[in-house]
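Asker: Using numbering that gives the first Met the number 0, the letters of the sequence shown map in sequence onto residues 0 to 192.
Backbone N, C-alpha and C define an ideal beta-carbon position, used for all residues, glycine too.
Attaching a single structure in structure tokens format; questions to follow.
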Amino acid sequence: MRVWPIFKKEMGLYFTSPVAYVVITMFLLVVGYFFYSIFVFFSMASMQAAMNPMMARELNVTDGVMRPLFSNISVIMLLLMPMLTMRLFSEERKSGTIELLLTYPVRDGAVLITGVGHARRDRGVPAHLARHIPDAKIASLAFLEVDPAATKPADYAARFGGEPLPFDYVWFTPKIDDADPCEKFKQARAIQQ
């Protein structure tokens, strides 16, 4: 069974009742308010930038309007999604079909994001999934910081207890600065005093 029939059924139920129209209207009103207020702020800043050429260089629509708008939309969606799903769960429980939905094997794929230790093929989540669902296709990806001293894969494998690396794929990332950012402020304050 695929997810598409369930999706069609739920969308049909939403749009035959006023729930979808109320939620869409609320969403559009709130997003419209945020867009208006962000755009008014951006237009005032652009008028000020017309008098100050140095400020005009830093002003663009993407950073001034779109980025704040979409960050607000993500928070709004974070609040609206539980409102929609709570209704679904209560209807399924009331009709007695929630047990079927929770136990029926609907698999279209999934992505699990874990820490490096849990992504190990030998003893992490992929090992447990392979034990419980033998026919599942599982790929493990680890993000590892580049170590200048490590020049071969065996050097990285030593960190995890031997050869080979316990991941299907490895994505090497640049080493991050582990320095405490508050230390810089403390040092600057000490110099001022």
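How many angstroms separate the CA atom of S16 from the CA atom of M25?
Answerer: In a straight line, the C-alpha of S16 is about 15 Å away from that of M25.
Asker: Taking C-alpha atoms, which residue in E90, L140 and F14 lies nearest to T113?
Answerer: L140
Asker: Grouping DSSP H, G and I as helix and E and B as strand, with all else coil, what is V169?
Answerer: strand
Asker: Three or more beta-carbon pairs under 8 Å between the region 3-14 and the region 55-67, yes or no?
Answerer: No, because fewer than three Cβ pairs between the region 3-14 and the region 55-67 fall closer than 8 Å, the two stretches do not touch.
Asker: With DSSP as the reference, please indicate the residues paired to L19 in a beta bridge.
Answerer: Per the sequence presented here, residue 19 reads as Ala, with Leu not at that position. In the DSSP output, where bridge partners are listed per residue, A19 has none listed.
Asker: If distances are taken between C-alpha atoms only, which option among Y13, F69 and S73 comes closest to F38?
Answerer: F69
Asker: Can you tell me the Cα-Cα spacing of T150 and L111, whole angstroms?
Answerer: A direct Cα-to-Cα measurement between T150 and L111 gives close to 30 Å.
Asker: Nearest CA to the CA of V169: which residue from A153, I175 and D177?
Answerer: A153
Asker: When burial is assigned at 16 or more other CB atoms within 10 Å of the CB, is Y20 buried or exposed?
Answerer: exposed
Asker: Apart from the five residues on each side of it in sequence, which residues of its chain come closer than 8 Å, Cβ to Cβ, to E144?
Answerer: Around E144, the same chain offers F171, T172, P173, K174 and I175 as residues with beta carbons nearer than 8 Å, after the five sequence neighbours per side are excluded.
Asker: Check each candidate in F41, L79 and M46 and name the one with the smallest Cα separation from V29.
Answerer: L79
Asker: What would DSSP say about A149, mapped onto helix, strand or coil?
Answerer: The answer is coil: DSSP assigns A149 none of H, G, I, E or B.
Asker: Sorted by chain position, which residues of the same chain lie with C-beta nearer than 8 Å to A118's C-beta, five sequence neighbours on each side aside?
Answerer: Cβ within range, chain order: V124, P125, S139, L140, A141 and F166.
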